[in-house]
Amino acid sequence: MMHKVSVPEESTSCLPCRVNPMGLICTCKQARKTGICHAIVAVNHRCGKINIASELMKMGKKKKKKAVHRATGRRQMQPESSSDSETDEEQTLSDLPTSSDED
Ligand SMILES: [Zn+2]
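For reference, each letter of the sequence shown is one residue, going 30 to 132 in our numbering.
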């Protein structure tokens with residue numbers, strides 16, 4: 030998949046967001062799906078529109094999870110973890126290269 034960032038001819042084809050003030054679009058799968066990708070962010074950064082470092086810091090601060098749980102002893106043994114959901118499957122599979130060389 031190629032990243033080809035360009036300025037959309039119609040302004041409606043892009044959802045402007047904080048890290049994409051130039052309203053760029055990209056041809057890659059992620060950008061088509063989510064409207065943003067690292068290439069778009071990189072171009073905005075190169076043009077001096079955003080500062081990746083500060084944006085990343087904001088993102089990091091957005092969710093602040095406090096680790097309240099403290100193991101106090103053997104009693105805090107975790108129960109057997111039940112099988113997790115398989116919601117990640119689709120994402121993982123779509124990014125796998127299709128190679129048939131396996132022997
Ligand atoms: Zn892209």
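For every residue, glycine included, the Cβ atom is placed at its ideal position computed from N, Cα and C.
- Nearest to T56 by C-alpha distance, out of C46, A68 and V48, is A68.
- With respect to the 8 Å criterion, P50 and K87 are not classified as neighbours on the basis of their beta carbons.
- Between I81 and V72, the beta carbon gap of about 11 Å keeps them out of contact (Cβ cut-off 8 Å).
- Ordered by chain, the residues meeting the criterion of a beta-carbon within less than 5 Å of a non-hydrogen atom of ligand 1 are H32, C55, C57, A60, C66 and A68.
- Burial is judged here by how many other beta carbons sit within 10 angstroms of a residue's own beta carbon; C66 has at least 16 and is buried.
- Annotation for M31: T56 and C57 place their beta carbon closer than 8 Å to its own, counting only its chain and skipping 5 residues before and after.
- Residues V34, S35, V36, P37, C43, I69, V72 and N73 of the same chain have their beta carbon placed closer than 8 Å to that of L53, with the five preceding and five following residues left out of the count.
- Under DSSP, N80 takes part in no beta bridge, so it has no partner.
- Per the coordinates, the alpha-carbon of R47 lies some 17 Å from the alpha-carbon of K62.
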